[in-house]
Amino acid sequence: MKNIVVLTGAGMSAESGIKTFRDAGGLWEGYDVMEVASPEGWHSNKELVLDFYNQRRAQLKEVQPNKGHIALAELEIEYNVQIVTQNVDDLHERAGSSNVLHLHGELRKVRSERNEHLITETTEPIYLGDKASDGHQLRPHIVWFGEEVPELHNAITITEKADVLIIIGTSMQVYPAANLIHYIPRGIPIYFIDPNPSISGSSFENISVISEPAGTGVTRLVTELLSK
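Residues in the sequence shown are numbered from 1 upward in steps of one, following this note's numbering.
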């Protein structure tokens, strides 16, 4: 069974109604991203940061996986599928995908601010004074600007074993995630799906560019791959 590796970014979840800061000139749902997505922002105003992610967590209850998420799950009928996502939502999992690695953390997880390995799942709000089992304040389990990406090595290992690479809804300009394409085996098929693709057909060997949103582009590609 062939290995399909899927790299997804913000455009994957856009049709489900989840916004990113790049949609609004550096603002994320009206907030300066450095206030809510950096260690400096956290230390400056923990209540603001906690409230921001409480709102994002609540938003997840109001949105659903779109056709693109569902189509990717269907690929598992014929392929070993591993999704490496920059997104912090859980829409891939809710659509039925079995193997999802979150590069930038997960909204429905929190952790000790002193121990990044002390992680707890939650769907509820977290407030100042809510502590992990080590006695330290809980913080969002999100990789903020300036922090290391703990799952990067695992993502590289997955990408190195790809027989097919699919890139969906990402500018391929956010590092280190953008570097993953350089770890794939030479000559394998690459599919790039985005309504405003930042990669052209001449950018990489053996690449097919599908200039469509995730819902339609992924559905069409999955139908093609399952018919082979």
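Here a beta-carbon is modelled for each residue, glycine too, at the ideal position from N, C-alpha and C.
Extent of the continuous alpha helix (DSSP H) run through residue i
i	result
Ser-44	39-44
Val-36	33-36
Gly-169	No alpha helix (DSSP H) contains Gly-169, which DSSP labels as neither H nor E.
Leu-128	Note, Leu-128: premise wrong, no alpha helix (DSSP H); not H, not E.
Residue i: first and last residue of the uninterrupted beta strand (DSSP E) it sits in
i	result
Ile-77	Segment: none, Ile-77 is in no beta strand (DSSP E) and carries neither H nor E.
Leu-7	3-8
Glu-106	105-112
Leu-101	100-102
Residue environment, residue i, which counts as buried when at least 16 other CB atoms sit within 10 Å
i	result
Asp-167	The identity of residue 167 in the sequence shown is Ile, whereas the question assumes Asp. Buried, by the Cβ-count rule.
Gln-86	buried
Met-172	buried
Ile-77	exposed
Tyr-31	buried
Tyr-267	The structure shown does not extend to residue 267, since the chain spans only 1 to 228, so no value can be given for it.
Gln-82	buried
Leu-145	It should be noted that the sequence gives Phe, not Leu, for residue 145. With fewer than 16 Cβ atoms within 10 Å of its Cβ, Phe-145 is classed as exposed.
Simplified DSSP assignment, three categories, for residue i
i	result
Asn-206	coil
Gln-82	strand
Glu-121	strand
Thr-223	helix
Leu-91	helix
Tyr-175	coil
Phe-145	coil
Ile-188	coil
Gln-137	strand
Pro-156	The residue you asked about is not Pro; residue 156 is Ile in the sequence shown. In the structure shown, Ile-156 sits in a helix (DSSP, three-state: H, G or I).
Ile-70	helix
Whether residue i touches residue j by CB criterion (7 Å)
i	j	result
Ile-158	Tyr-183	no
Asn-80	Met-1	yes
Val-222	Glu-74	yes
Ser-112	His-136	yes
Original post:
Between the segment 87-104 and the segment 65-75, are three or more C-beta pairs nearer than 8 Å?
Top reply: Three or more beta-carbon pairs drawn from the segment 87-104 and the segment 65-75 are found closer than 8 Å, and the two stretches are therefore classed as touching.
**OP:** Indicate whether the contact test is met: 3 or more Cβ pairs, each with one atom in the segment 188-199 and one in the segment 36-55, closer than 8 Å.
**Re:** no
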